[in-house]
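S.K.: One structure, as structure tokens, below. Some questions next.
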Amino acid sequence: MTFGAKTSGSDDLKAIISAISTLVEEATFVATAEGISFRGMDPSHVALIDISWPNSAFEKYECDSDIKFGVRIDEFSKLIKRADKKDSIEISISEQNMLLVTVGKNKKYKMRLIESSATDTPLPKIPYDSKIILSSSKFDKILG
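For the sequence shown, the residue numbers in my numbering are 24 to 167.
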């Protein structure tokens, strides 16, 4: 099992981890050959976050088989926040079942992976009964 992903900058990963951390304490990511995804719902089942990050968004990406890995999102966020704006961030999984995080060229961290207690979150089926027709000029005016 080989998995590794490297970003060219830290802003995107910081934004994604920040968004996830507002909803959940533990996150289970799914890495496939196509990219990394996460779907989770807050404990009160009010907010859902569904993120798919394609492999093309990474400077370097390798995943030879589908893998799920769980992390404590607050710990992961603390590591990611140590990166400067231009620092690359590289994540991989060691044979000892540790998440290896490299920030920039010199900062290397290890983090224990967890068995996430979260189950797969299905997308809700919400029927929409309304249909809105709006001219593009009015829509543009609404957006300001």
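For each residue, glycine too, the CB sits at the ideal point set by N, CA and C. This one's a predicted model, so the numbers in the text were calculated from it and none came from an experiment.
How far does the beta strand (DSSP E) with K83 in it extend, from its first residue to its last?
M.R.: 83-86 is the extent of the beta strand (DSSP E) around K83.
S.K.: Given a threshold of 16 other Cβ atoms within 10 Å of its Cβ, counted over all protein chains shown, does L122 qualify as buried or as exposed?
M.R.: Classification for L122: buried.
S.K.: When you compare the CB positions of A50 and I90, do they come within less than 8 Å of one another, or not?
M.R.: Not a contact, by the Cβ cut-off of 8 Å.
S.K.: Under 8 Å by Cβ, that's how I've got I40 and I103 pegged, so tell me the actual separation to the nearest angstrom.
M.R.: Between I103 and I40 the Cβ distance is about 5 Å, and since that is below 8 Å, they are a contact.
S.K.: Mark D110 as exposed unless 16 or more other C-beta atoms lie within 10 angstroms of its C-beta, in which case mark it buried.
M.R.: Buried is the call here.
S.K.: Compute the beta-carbon to beta-carbon distance between T30 and F99, rounded to the nearest angstrom, for a pair I have assumed lies under 8 Å.
M.R.: So it is not a contact: roughly 14 Å between Cβ atoms.
S.K.: Could you tell me which of K154, P147, G27, S153 sits nearest to K83, measuring between CA atoms?
M.R.: Ranking the options by Cα distance to K83, first place goes to G27.
S.K.: Is it buried or exposed for I156, if we count other Cβ within 10 angstroms and need 16 for buried?
M.R.: Result: exposed.
S.K.: Terminal residues of the continuous alpha helix (DSSP H) containing S100?
M.R.: Element bounds for S100: 96-103.
S.K.: With 16 as the cutoff for other CB atoms within 10 Å, does L36 come out buried or exposed?
M.R.: So L36 counts as buried.
S.K.: Output needed for T55: all residues of its chain with C-beta closer than 7 Å, excluding positions within five of it in sequence on either side, in chain order.
M.R.: Taken in chain order, the residues that qualify are C86, D89.
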